[in-house]
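Numbering follows the numbering used here, with no gaps: position 236 of the sequence shown is 239.
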Amino acid sequence: MAIQVARETSRFNVTIRILQALNNRSSIISSKTSSKSRPHRPSARSLDKMDDSQLLDLRLCDLKLSIKDTWLAPCIRRLYDELADRQLRFRPHCWLSSEWFSPDGVPGIAIPFYLAHPRLMRLEDKMMLDIEGGTKTSCMKLLRHEAGHAIEVAFKLTRRPRWRKIFGNPSKPYPTHYRPRPFSRDYVLHLDWFYAQSHPTEDFAETFAVWLRPGTMWRRRYRNWPALKKLEYLDDLMNELAGRPPMLTTREKSDPLSSLKMTLREYYEEKQGRYGTDYPAFYDRDLRRLFSEAPEHAKCPPASQFLRSTGARVRNRVADWTGIYAYTVDQILREMIGRCRDLKLRVHRPAEELRTELAILLTMQVTNYIHSNEHRLAL
């Protein structure tokens with residue numbers, strides 16, 4: 004999905020609330036298990052019988068996984084149908100790897116291995132507090148995004164002067180972090196955290212994903228946005244490519260699962276370490292004032308559940324008060340939900356009282372976010 008080194012490594016969901024796994028997740032990682040107990044190429048069925056520690060000692064290359072006969076296969080077929088509906092002959096090949104990405108020079112899509120087995124999805128959720136692409140909706144969003152990278156490679160689109168004028172220099176160094184501009188209308192909104200702003204190639208991939216999605220009505224959605232010019236250019240470009248075979252047809256697979264020698268334990272050590280810096284703990288003090296972590300309230304409803312159930316109404320109120328996009332407010336709210344879950348906070352006061360205070364707190368946090376340099380988002 005990214006270029007150069009970034010494409011060959013990984014791209015993670017930019018939701019900051021999954022940055023650090025704590026408590027039981029850390030203890031699992033630090034535990035030692037003898038290599039003698041490591042199962043040798045376990046069958047997909049036997050994964051269900053393993054506990055977390057046993058799973059973490061498996062090497063990725065020893066996982067007997069494939070996309071065939073999983074819920075991923077219909078998603079890929081749906082992507083192909085969407086491309087066919089646009090009269091595009093291009094069909095990116097897909098394979099399992101460590102993360103979502105589309106490598107430089109290969110017109111295909113790598114899909115994270117854990118999506119190919121429900122037991123591994125549960126482990127991913129436990130270790131990272133999220134499953135990137137773990138629902139059909141989020142999986143399709145990511146497939147459309149990665150298909151944008153793949154079609155760019157297949158037709159060598161970045162060589163076109165017009166492409167470079169619209170989206171920028173694709174050879175621009177790929178950042179390890181970026182600071183989004185939430186008010187900008189120069190970019191479409193598709194993946195979380197204004198991902199199109201991170202790099203010109205991501206801008207193109209996000210624009211392609213919005214254009215490809217059925218029923219988007221992008222002309223109306225982005226009317227009076229500068230981003231509309233990008234969509235109109237892409238629409239003309241795809242009409243030009245309709246019915247044409249791709250220029251690059253290699254079926255190479257970069258970093259396939261069978262080549263990855265690291266254990267799941269090492270995989271999550273690296274993944275948690277990468278996202279374990281600059282954790283947004285600045286919510287904690289205010290959330291502890293709003294909710295309770297006292298033992299006597301342990302049987303009260305979870306605060307994270309309260310935020311999920313009441314969040315949409317509060318989000319819209321805050322967006323109206325501040326003039327900030329509801330999309331932006333929603334991202335901050337999701338971070339707060341994650342922190343409430345990690346801190347095991349509970350609802351111990353009347354809901355109506357909490358809703359008012361939550362609206363005030365969310366307004367403060369959104370305003371701080373907009374004007375702060377603390378939100379550097381990892382790629």
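Cβ atoms here follow ideal geometry from the backbone N, Cα and C, with glycine treated the same way.
Just checking my contact of residue i with residue j at CB under 8 Å: how many whole Å lie between their CB atoms?
{"i": "L194", "j": "K233", "result": "Between K233 and L194 the Cβ distance is about 16 Å, and since that is not below 8 Å, they are no contact."}
{"i": "Y270", "j": "S101", "result": "7 Å"}
{"i": "H351", "j": "S307", "result": "Between S307 and H351 the Cβ distance is about 14 Å, and since that is not below 8 Å, they are no contact."}
{"i": "A245", "j": "R89", "result": "7 Å"}
{"i": "R387", "j": "D287", "result": "Because the chain in this structure spans residues 4 to 382, residue 387 falls outside the shown range and cannot be described."}
{"i": "R247", "j": "R92", "result": "7 Å"}
Using the Cβ count rule (16 or more neighbours within 10 Å means buried), how would you classify residue i?
{"i": "A212", "result": "buried"}
{"i": "L25", "result": "Low confidence applies to L25: its pLDDT is 36, below 50, so where it sits in the model is not reliable enough to give any reading."}
{"i": "D136", "result": "The residue asked about is misnamed: residue 136 is Gly in this sequence, not Asp. Buried."}
{"i": "L251", "result": "exposed"}
{"i": "W214", "result": "buried"}
{"i": "M220", "result": "exposed"}
{"i": "F309", "result": "buried"}
{"i": "E205", "result": "buried"}
{"i": "T210", "result": "buried"}
{"i": "A354", "result": "exposed"}
{"i": "S30", "result": "Its pLDDT being 46, under 50, S30 is placed unreliably in this model, and the value from its coordinates should be taken loosely. With fewer than 16 other Cβ atoms within 10 Å, it is exposed."}
{"i": "K175", "result": "exposed"}
{"i": "K168", "result": "exposed"}
{"i": "T179", "result": "exposed"}
{"i": "A199", "result": "buried"}
{"i": "T280", "result": "Legend: pLDDT at T280 = 38, less than 50; position of this residue unreliable, value from coordinates given subsequently. Exposed: under 16 other Cβ atoms inside 10 Å."}
Do the CB positions of residue i and residue j come within less than 8 Å of each other?
{"i": "A119", "j": "S257", "result": "no"}
{"i": "V317", "j": "R344", "result": "no"}
{"i": "L126", "j": "L82", "result": "no"}
{"i": "L50", "j": "L123", "result": "yes"}
{"i": "L61", "j": "L99", "result": "no"}
{"i": "P217", "j": "P110", "result": "no"}
{"i": "F170", "j": "P183", "result": "no"}
{"i": "A301", "j": "R349", "result": "yes"}
{"i": "S201", "j": "Y181", "result": "yes"}
{"i": "E243", "j": "L293", "result": "no"}
{"i": "L260", "j": "L75", "result": "no"}
{"i": "W103", "j": "P121", "result": "no"}
{"i": "L192", "j": "D289", "result": "no"}
Can you list, in chain order, the residues of its chain whose CB lies under 7 Å from that of residue i, leaving out five sequence neighbours each side?
{"i": "N172", "result": "P203"}
{"i": "M367", "result": "none"}
{"i": "L263", "result": "L63, C64 and S101"}
{"i": "R188", "result": "W228, P229 and A230"}
{"i": "C78", "result": "K139, C142, M143 and L146"}
{"i": "F158", "result": "L244, P249 and M250"}
{"i": "D238", "result": "W214"}
{"i": "A362", "result": "V317, R320 and V321"}
{"i": "T266", "result": "L59, D60, L61 and R62"}
Who does residue i pair with in a DSSP beta bridge?
{"i": "G111", "result": "H96"}
{"i": "P305", "result": "R349"}
{"i": "R2", "result": "Lying outside 4 to 382, the shown extent of the chain, residue 2 is not represented and no answer is given."}
{"i": "S295", "result": "R349"}
{"i": "F104", "result": "A113"}
{"i": "T266", "result": "R62"}
Please go through the same chain and pick out, in chain order, the residues whose beta-carbon is closer than 6 Å to the beta-carbon of residue i, but skip the five residues on each side of it.
{"i": "S105", "result": "M4, I112, E149, H152 and A153"}
{"i": "D54", "result": "none"}
{"i": "D2", "result": "Because the chain spans 4 through 382 in this model, residue 2 falls outside it and cannot be assessed."}
{"i": "H96", "result": "G111 and R254"}
{"i": "D72", "result": "none"}
{"i": "S40", "result": "Unreliable placement is indicated for S40, whose pLDDT of 47 sits below 50; no coordinate value is reported for it."}
{"i": "S38", "result": "Its pLDDT being 41, under 50, S38 is placed unreliably in this model, and the coordinates cannot settle the point."}
{"i": "P164", "result": "none"}
{"i": "Y117", "result": "L123, M124 and E127"}
If I measure Cβ to Cβ from residue i and keep anything under 8 Å in the same chain, skipping five residues before and after, which residues do I get?
{"i": "L160", "result": "I154, W166, F207 and L240"}
{"i": "P45", "result": "M53, L61, D65, L66 and K67"}
{"i": "R291", "result": "L346 and L348"}
{"i": "I340", "result": "R20, S307, L310, R311 and G314"}
{"i": "D323", "result": "none"}
{"i": "C303", "result": "S295, R349, V350 and H351"}
{"i": "V156", "result": "S105, D107, G108, V109, P110 and L251"}
{"i": "A87", "result": "none"}
{"i": "E273", "result": "M265"}
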